[in-house]
């Protein structure tokens, strides 16, 4: 199990999508690969910076994962605890790559992230550019709500304290 964590706008979904796209092209694994998003995510895009491969299959938490070897899951912080436990049970049987926010608007780690970290063989942490001062790859906080959507700004620690 690999985790991609970071703030909003840090490129988590783009990285996840890029790895999935590359796998479908280089290994021809599109029949055994699925990209999962939570059903509560009704946005009409996955990543602002990357388009999905046309062969990529999509699902949500209701999708049966038994026929897939490669499982890519975006917005992992929004899934329920039972689904997280189900994924932990798959960790030695499937290739899992999960992406999600490292912290909520109160700068507290999401419980799903805390639960998954001990099972991760690798964790990649991404940062966004600050929406206020523009500092490159410095934003680790977001101001807005904790719902799926685009109602937020990401800020560096300096701007967050202002």
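In the working numbering, the protein residues as written are 1 to 162. Note that CB positions come from ideal geometry on N, CA and C, so glycine has one too.
- Residue 93 sits in coil when the DSSP states are folded into three classes, being neither helix nor strand.
- Cβ contact annotation for residue 130 (same chain, cutoff 6 Å, sequence separation greater than five): 138, 139, 155, 156 and 159, in chain order.
- Distances from the alpha-carbon of residue 152 to those of 126, 26 and 105 put 105 closest.
- Distance check between residue 31 and each of 71, 83 and 11 places 71 closest, using alpha-carbon atoms only.
- Under the three-state reduction of DSSP, residue 6 is assigned to strand.
- Counting every other CB atom within 10 Å of its CB across the protein chains shown gives residue 68 a total of 16 or more, marking it as buried.
- Residue pairing by DSSP places residue 16 in no beta bridge whatsoever.
- Taking C-beta atoms under 8 Å as the contact rule, residue 38 and residue 2 fail to qualify, at a distance of about 19 Å.
- Boundaries of the alpha helix (DSSP H) harbouring residue 160: 157-161, taken from the DSSP string.
- Bounds of the beta strand (DSSP E) holding residue 126 are 122-126.
- Residue pairing by DSSP places residue 72 opposite 35 and 97 in a beta bridge.
- Nearest to residue 111 by alpha-carbon distance, out of 75, 59 and 20, is 75.
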